[in-house]
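First up is the structure itself, then whatever we jot down about it.
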Amino acid sequence: MLPADRIQVRMAGSEAAPVWLGAEDQAWLRALIDDFARLDGRPYREVVTFLQEPPRAPAPAGKRRMAIWTFQSLCARAQPPLDASSLRDAVAVEAQSARDAGRFDRADVIAAGARRLGLPAAAAEEYMFADLPGERRLQVPEPLPDPHSLAARTNLALAQGLLRLASEVTINIHGAARAVVRQVRLRRLLCTVRRAGPEGVRLDVSGPFSLFRHTTMYGRALASILPLLPWCERFDLVARCVLRGRAVSVHLRPGDPIAAGEQPRAYDSRLEERFARDFARANLDWDLVREPEPVEAGGVLVFPDFAVVHRRDTLKRFLLEIVGFWTPDYLREKLGRLRAMPRMPLVLCIDRGLNCSAGELPPHARVVWFQKRIEPGAVLAAIESAAPECATCVERVGLADLFIDWAGRRPASDPVHRRLAALKAGDAVRFRKEGRWLAIEAKDGPIAMLSRPGCARWAAKLDRVVSARLVEMVERQAAESALEWRAELRCDRWIVPIVDVILYCR
Amino acid sequence: MRIVFDRGTLLLRGDLAEAESLPGVLWDPRVQAWRAPACHHAELTRELARRHADFHDEVRPRLAGAPPVACPELRPYQAAAVAAWERAGRRGIIALPTGAGKTRAAVAAIARTGLRTLCLVPTRVLMAQWVKTLGEAGLGPVGEYGDGRRIERPITVATFASALLRMETLGNRFDLLVIDEVHHFGAGAGDEALEMCTAAARLGLSATLPEDEMRRAGLDALVGPEVYRASVEELAGRYLAAFQLITISVGLTPSERHDYDAEMSVFRPICRAFFEAAPRASWSDFVSAAGRSDAGRRALSAWRRSRVIVRYSSEKRAAVGDLLVRHRDARILVFAADNETAYSVAREHLVQPITCDIGPKERARALQRFSTGELRILVSARVLNEGLDVPAADIAVVVGGSQGSREYVQRVGRVLRPSEGKKAVVYDLVTRGTFEVPRADKHRRALAAG
């Protein structure tokens with residue numbers, strides 16, 4: 279990641295926009311790569327001196343400095359062919375003896391030092407300092423990067439360099455958020471996960487000390503998240519940084535040229551991976567779903583390890599969590615999160631060595647104890663013994679549940695009509711509580727409000743909701759409304775969405 | 097209510113009235129608990145006890161204390177310094193010149209308190225030196241964090257960088273924090289290493305504390321106030337060697353002068369124009385502004401080249417050669433402006449360089465040879481400036497550099513380690529008609545101020 283003094287941004291108020299390398303930079307990047315190729319084999323101090331001089335091909339100075347840093351990070355420095363440290367020592371001792379004897383002659387001293395190590399004097403002169411960073415010879419990468427890949431690497435180094443200066447970041451992610459959350463936890467950062475629209479999540483990531491003041495001590499850990507983000511369907515990230523002594527926000531958006539890192543691992547551990555493989559081999563009736571929908575627990579989102587879904591009756595569905603990690607803090611945190619989860623059918627696979635007491639476990643969970651390996655048979659037994667609990671059912675939010683005129687009381691220019699017009703059957707929606715009222719919202723905002731009886735009926739069921747999807751769009755006209763309410767209307771026609779909700783049955 | 101250590105902070109879980117008025121405590125909505133920096137631990141528990149709050153302090157694990165050792169024999173000023181630190185509630189900074197025995201004062205503090213101690217040092221070389229000194233004082237085996245080692249013991253030494261990385265786990269395991277070269281802290285960057293540690297007793301050591309009031313205030317909060325100070329002038333002659341400062345004025349050859357003037361004629365107009373327009377701007381403001389235009393970049397390049405001409409000019413080369421011959425029997429430290437110049441001196445005179453590029457084994461071997469007299473000349477750029485325990489040297493030759501007055505005073509301090517009848521000499525090579533002249537004046541004034 280780029281060091282702070284190389285980072286190039288454009289400041290506008292409290293925002294700093296990264297200065298990305300793009301297609302317009304290809305010509306001078308090509309010239310820079312050619313310069314490095316010519317410097318191959320030269321001592322590094324000559325390379326540094328050359329690069330400090332104004333460039334041959336006109337280039338934006340800041341961008342060039344970033345690209346130079348990136349190219350240098352790809353280069354190596356050749357090791358000298360002999361032990362220069364011993365040679366220096368031998369020569370310095372010889373020189374001191376010669377001074378003491380009053381017969382210091384540089385050539386004689388080098389020859390004597392070289393003789394001690396069985397080397398010719400010329401080699402001693404040449405290699406005496408050859409192991410020092412400035413004297414070691416530049417080795418350019420093989421093959422040389424092309425301008426496009428150098429620009430891509432520089433852009434990633436720039437984005438990571440910016441995160442390196444951050445104290446906290448907020449990331450909105452659509453799809454594949456779990457790998458990011460896993461990385462955050464691996465790096466011992468604090469992460470609050472909330473829902474952002476029906477399919478997105480919002481992560482607020484920081485370190486314990488970030489609460490007190492801006493600190494860059496978590497920057498390296500924050501930067502390690504970045505290569506995972508391009509693997510998400512969509513993301514945007516806001517980092518709070520201090521740049522050039524100013525507190526600024528850096529916004530990384532979809533479309534920014536950030537290269538993806540290695541594909542995230544599919545499983546958190548080998549234990550999980552082996553369980554998934556064994557489970558797939560073991561039975562025909564149930565599917566193991568990796569990365570199911572996150573679940574709300576105590577105001578934050580929890581990412582269950584797996585869901586187990588019946589192949590022919592997909593309404594039969596369990597969440598499955600593996601507790602195989604053993605530090606007391608981790609265990610306390612994980613069990614706390616699980617206890618806060620709604621009363622959904624849950625199977626907990628717990629390592630026998632963890633000494634969890636029954637009182638610490640969520641009361642509604644089925645527990646499968648394991649040692650080293652999770653037996654799919656034991657998990658299936660737990661599931662099938664609890665089959666009635668895991669049944670799900672579908673209920674409809676129909677016209678009787680909805681405040682039908684809600685959208686009609688908004689003028690035709692209100693965004694709600696645009697949102698409703700963009701919806702189609704099958705789209706995911708969700709409930710959202712607003713004081714005593716319940717709203718239904720799509721990814722970009724509310725689309726319907728439940729009536730008073732609707733709220734009373736659905737409020738009690740919210741903790742059993744698995745998912746909700748749009749099934750029908752009913753067009754409503756002003757003339758259909760009761761006369762006494764017609765005066766409240768602000769448009770002639772509007773859409774009322776009908777929603778099917780999958781619930782766990784009690 | 098429970099207080100637990102959480103990655104360099106304190107988490108207060110459970111019912112707690114008026115928590116917001118406790119020292120350093122803030123509500124952390126991320127974990128739904130109160131949180132404070134670890135350095136507030138002692139203050140916080142005192143305050144909770146004063147309020148008769150019902151709390152369990154689970155911050156400090158049960159660990160073995162420091163091995164009992166006799167307090168080493170101290171010189172009067174060292175004893176006074178340690179006594180002043182104890183009187184200040186075992187918090188504060190002792191400022192003693194280089195060579196006056198700051199480490200010995202720290203060993204005495206550890207021995208007298210018997211506390212589990214973490215010593216923080218700026219470099220790996222200093223870490224090795226502290227480990228050796230503490231071991232010799234009977235406080236071993238000593239733990240180490242840095243240079244690839246991660247060993248925790250009741251007495252442990254860590255580099256600043258390792259401490260910053262590890263304080264999340266080490267922060268609640270020590271009761272006394274000794275910070276060598278403490279002037280590196282107080283500016284914000286890296287201060288977390290001190291803020292994330294629960295140790296109530298803190299001892300800072302420095303030869304030259306920063307003058308900047310903000311930094312002093314930062315150090316005050318993190319370590320404590322300056323509790324004792326002795327200057328070079330006070331100790332020279334009795335506890336430090338007496339010394340003579342000789343400025344050797346050197347010139348440039350006609351071709352060097354021509355090149356220097358040519359470079360400065362590119363640099364000066366740009367620099368002057370900038371500072372006339374922004375008289376309160378700093379040098380870094382100028383560098384930042386110059387980097388944004390071709391003319392500015394050319395000016396910076398010219399400025400860099402002018403430094404190269406002056407840093408080891410022909411006359412300086414000759415003067416160094418003369419001095420090495422003249423003081424053939426003395427132990428000499430040559431200080432260069434940068435590593436490149438140090439290697440030029442080393443290459444020319446076949447003397448041992450000690451720089452950040454030289455590995456620890458080679459460095460240790462060279463210092464060992466220097467202490468036995470097998471080698472009597474070392475050349476360095478910055479590594480020898482600070483803290484490193486250089487065996488008794490008599491002559492310092494300052495060829496160039498020293499980024500500020502503090503660095504200069506520390507360089508001079510390298511030859512002040514006392515011995516019977518010793519009179520140290522410091523040669524300062526200054527190039528006439530260049531930027532080196534006003535800088536040398538400034539350094540001399542700083543030296544006189546101690």
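For the record, the sequence lines run as chains A and B. Counted from 1, the first sequence has number 300 at position 22 by this note's numbering; the numbering is strictly sequential. Counted from 1, the second sequence has number 205 at position 109 by this note's numbering; the numbering is strictly sequential. We put the CB at the ideal spot given by N, CA and C, even for glycine.
- Item | Proximal chain B residues relative to residue 487(A), where beta-carbon distance stays under 8 Å | 103, 104, 105, 133, 288, 291 and 292
- Task: Out of 340(A), 385(A) and 484(A), state which residue places its alpha-carbon closest to the alpha-carbon of residue 303(A).
- Result: 340(A)
- Quick check: the segment 370–383 of chain B against the segment 411–418 of chain B, are there 3 or more CB pairs under 8 Å? no
- Task: Note down the Cα distance separating residue 438(A) from residue 347(A), rounded to an integer number of angstroms.
- Result: 14 Å
- Using a Cβ cut-off of 9 Å, which residues of the segment 491–525 of chain A contact any Cβ in chain B, in chain order? 491, 492, 493, 494, 495 and 522
- Message: Contact criterion: CB-CB distance below 8 Å. Does residue 419(B) meet it with respect to chain A?
- Response: no
- Closest by C-alpha distance to residue 707(A), when choosing among 643(A), 298(A), 700(A) and 720(A): 720(A)
- Message: I want to verify the contact list: residues of chain A whose CB lies under 8 Å from the CB of residue 127(B), in sequence order.
- Response: 468
- Locate the alpha helix (DSSP H) running through residue 654(A), then write down its first and last residues. 654–663
- Can we count residue 349(B) as close to the ligand GDP, meaning its CB is less than 7 Å from some heavy atom? In the structure on display, the ligand GDP does not appear, and there are no ligands present to speak of.
- Item | DSSP bridge partner residues for residue 529(A) (one or two, in chain order) | 516(A)
- Express the C-alpha separation of residue 272(B) and residue 185(B) in angstroms, rounding to a whole number. 12 Å
- Message: Taking 8 Å as the threshold (C-beta atoms), are residue 451(A) and residue 349(A) in contact?
- Response: no
- Rounded C-alpha distance that separates residue 276(B) from residue 311(A): 45 Å
- Straight-line CA distance for residue 550(B) to residue 140(B)? Residue 550(B) lies beyond the stretch modelled for chain B, which goes from 97 to 546, so this question has no answer here.
- Message: I need the boundaries of the beta strand (DSSP E) containing residue 173(B), first residue and last residue.
- Response: Per DSSP, residue 173(B) belongs to no beta strand (DSSP E); it is in the alpha helix (DSSP H), 172–183.
- Query: Excluding the five sequence neighbours on either side, which residues of its own chain have a C-beta within less than 6 Å of the C-beta of residue 493(A), listed in chain order?
  - Reply: 445 and 487
- Please name the residue, chosen from 392(B), 325(B), 224(B) and 301(B), that lies closest to residue 252(B) on a Cα-to-Cα basis. 224(B)
- With 16 other Cβ atoms within 10 Å as the buried cut-off, status of residue 755(A): exposed
- Item | Proximity to residue 499(A) [Cα-Cα], best of 424(A), 469(A), 525(A) and 374(A) | 469(A)
- Task: Report the rounded CA-to-CA distance for residue 573(A) versus residue 183(B), giving the unit in angstroms.
- Result: 57 Å
- Item | Test item: CB-CB of residue 121(B) and residue 113(B) under 8 Å | no
- Query: Taking a cut of 9 Å between CB atoms, which residues from the segment 342–364 of chain A lie near chain B?
  - Reply: 343, 363 and 364
- Query: So, is the C-beta of residue 397(B) closer than 8 Å to a C-beta in chain E?
  - Reply: Of the chains in the structure shown, none is chain E; the protein chains are A and B.
- Sequence-distant residues of the same chain with beta carbon closer than 6 Å to residue 215(B), five excluded per side: 226, 253 and 274
- Query: Near residue 200(B), which residues of its chain fall below 7 Å by C-beta distance, leaving aside the five closest residues on each side in sequence?
  - Reply: 168, 170 and 174
- Message: In the DSSP assignment, the beta strand (DSSP E) including residue 773(A) goes from what residue to what residue?
- Response: 771–782
- Message: Short of 8 Å Cβ to Cβ, which residues in the segment 553–586 of chain A face chain B?
- Response: none
- Message: Less than 6 Å between C-beta atoms, sequence neighbours within five positions excluded: which residues of the same chain meet that for residue 306(B)?
- Response: 279
- Task: Could you spell out the range, first to last residue, of the beta strand (DSSP E) harbouring residue 387(A)?
- Result: Premise fails: residue 387(A) lies in the alpha helix (DSSP H), 384–394, not in any beta strand (DSSP E).
- Proximity test, Cβ basis, 8 Å: residue 448(B) and chain A: yes
- Taking the continuous beta strand (DSSP E) assigned at residue 101(B), which residues delimit it? 98–102
- If residue 510(B) and residue 492(B) are in contact, beta carbons under 8 Å, what's the gap, nearest whole angstrom? 6 Å
- Task: Give a yes or no on whether the minimum CB-CB distance between residue 367(A) and chain B is below 8 Å.
- Result: yes
- Residues of the segment 431–444 of chain A with Cβ closer than 8 Å to any Cβ of chain B, in chain order: none
- Message: For a cutoff of 8 Å on Cβ pairs, would you count residue 171(B) as touching chain A?
- Response: no
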